[in-house]
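Per UniProt numbering, residue 1 is the first one in the first sequence, and the count goes up by one each step. A short write-up of the structure that comes next.
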Amino acid sequence: MDEQPRLMHSHTGVGMAGHPGLPQHMQEGTGGTDGDGRKQDIGDILQQIMTITDQSLDEAQARKHALNCHRMKPALFNVLCEIKEKTVLSIRGAQEEEPPDPQLMRLDNMLLAEGVSGPEKGGGSAAAAAAAAASGGAGADNSAEHSDYRAKLSQIRQIYHTELEKYEQACNEFTTHVMNLLREQSRTRPISPKEIERMVSIIHRKFSSIQMQLKQSTCEAVMILRSRFLDARRKRRNFNKQATEILNEYFYSHLSNPYPSEEAKEELAKKCAITVAQVHRRSVSNWFGNKRIRYKKNIGKFQEEANMYAARTAVNAANASSHGSQANSPSTPNSAGETGSLWLCSAIKLVPPLFSIFLLSFYLRLN
DNA sequence: TGGAATGATTTCAC
DNA sequence: GTGAAATCATTCCA
């Protein structure tokens, strides 16, 4: 074959009659004797190519050599290049314009929102803000947790960018390698710049699918990190013993109506020093909600506890009255009211009869 | 380490 | 909006 690379170049020539792919330069002088000669030559060459597969290996080899040395070979090569360009590439070209992958767009948006991709802004400030909001204000230990969160997010970001760089580098290297290979191959077969371009885009698509996996994994890592640090349930801390005592004291001293008012909840929250993850009144509400339902479900189990707190309350009350002052427990708007009685009655329905009798007598003593 | 205890959330009814 | 009930998820403890 010819030693010169035969990279195809785009032609705008009109195809030869009967051979739509044949370029203009192949048709020059078709009216003269020289033109007739060329036509004859090309006809011969085409005939030889068509029959080459029917020949033996040696014959075909000899024929190939003869064709390579033929004076019309470069012209024929160009014709083949044009035919290829006009048929194969034009068909495939229509498929190349693909819309952006929605999945990839989602991943990109998420990584951007989380501060993993895009400009660094303190490592997921939006997420950190969300964390602060979720915890009901930033306490000292919250900020410590947030800095831990930011540090881990920063690690993810660093790994992501390192891997991304690696992929891009590998992609560039591979693209260059393939381009060189194609240039090399263009010496022996028709390859157009368009074809190389298409090959490059295929490589890029392959690498972008790998990148998508990287983005997917990064998103998953961020999600896990978020749930680990930002899920409020994970922030649950048991109340300390003192707080539990205060709440229990209130609960059992208002057993007839264990529904503290908003003010009482606030006061209880203050007394229990409920801050941080346990958000003030809400935590108190949760505590009372849980306590009521669990007490109601299993009064027997809580009986001993109830007796103990009732005794303690009685002692406190006696002390208070002897000192001429009121009991130091948060007020309740309608304690021992109708609602309270109803609540206790409904609770009594759930316990065995003997317990009911005991509770009733206990209730009557309290009132 | 498994089960109990417990704080928080969700769903539903009022 | 509040409370009941169910459920989840974490913490505690034998």
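We put the CB at the ideal spot given by N, CA and C, even for glycine.
Query	Result
For the putative contact between residue 249 and residue 313, defined by C-beta atoms under 8 Å, what is the C-beta separation to the nearest angstrom?	7 Å
Cα separation between residue 188 and residue 104?	39 Å
Count the other C-beta atoms from every protein chain shown that fall within 10 angstroms of the C-beta of residue 218, then say buried if there are 16 or more, exposed otherwise.	buried
Are the stretch 252–264 and the stretch 300–309 in contact at 8 Å, needing three or more beta carbon pairs?	yes
CA-CA distance, residue 83 and residue 215?	42 Å
Across the stretch 59–75 and the stretch 176–184, are there enough close Cβ pairs to call them in contact, namely three or more that are closer than 8 Å?	no
Given a cut-off of 9 Å, decide if residue 259 and residue 288 are closer than it, judged by their beta-carbon atoms.	yes
What is the rounded straight-line gap between the Cα of residue 257 and the Cα of residue 269?	19 Å
Identify which residue in 106, 72, 102 and 262 has its Cα closest to the Cα of residue 40.	72
For my contact list, residue 60 and residue 52 are in at a C-beta cut-off of 8 Å; report their separation, rounded to the angstrom.	5 Å
With distances taken between CB atoms, is the gap from residue 113 to residue 156 smaller than 9 Å?	no
State the start and end residues of the unbroken alpha helix (DSSP H) segment that holds residue 65.	57–68
Taking C-alpha atoms, which residue in 107, 320, 76 and 81 lies nearest to residue 190?	81
Following the continuous alpha helix (DSSP H) through residue 244, name the residue where it begins and the one where it ends.	241–253
Assuming contact is defined by CB atoms lying nearer than 9 Å, are residue 111 and residue 167 in contact in what I supplied?	no
Given this structure, state the Cα-to-Cα distance separating residue 207 from residue 164, to the nearest angstrom.	10 Å
Alpha carbon to alpha carbon, what distance is there between residue 240 and residue 284?	13 Å
Check the C-beta distance from residue 243 over to residue 273 and give it rounded, since I have them as a contact under 8 Å.	7 Å
Between the alpha carbons of residue 9 and residue 192, how many angstroms are there, rounded?	Confidence at residue 9 is low in this model, with a pLDDT of 46, below 50, so its placement is unreliable and the value that follows should be read with caution. If I take the Cα positions, the gap works out to 6 Å.
Could you check if residue 315 is buried or exposed, using at least 16 other CB atoms within 10 Å of its CB as the buried criterion?	exposed
Helix, strand or coil for residue 315, going by three-state DSSP, please let me know.	helix
With distance defined between alpha-carbon atoms, name the residue in 296, 294, 293 and 261 nearest to residue 282.	261
What residue range does the alpha helix (DSSP H) around residue 102 cover?	102–113
Buried or exposed, going by whether 16 or more other CB atoms sit within 10 Å of the CB of residue 318?	exposed
From residue 118 to residue 153, what does the alpha carbon distance come to, in whole angstroms?	14 Å
What's the C-alpha gap between residue 43 and residue 106?	58 Å
Where residue 50 and residue 56 are concerned, what is the direct C-alpha to C-alpha distance, given to the nearest angstrom?	14 Å
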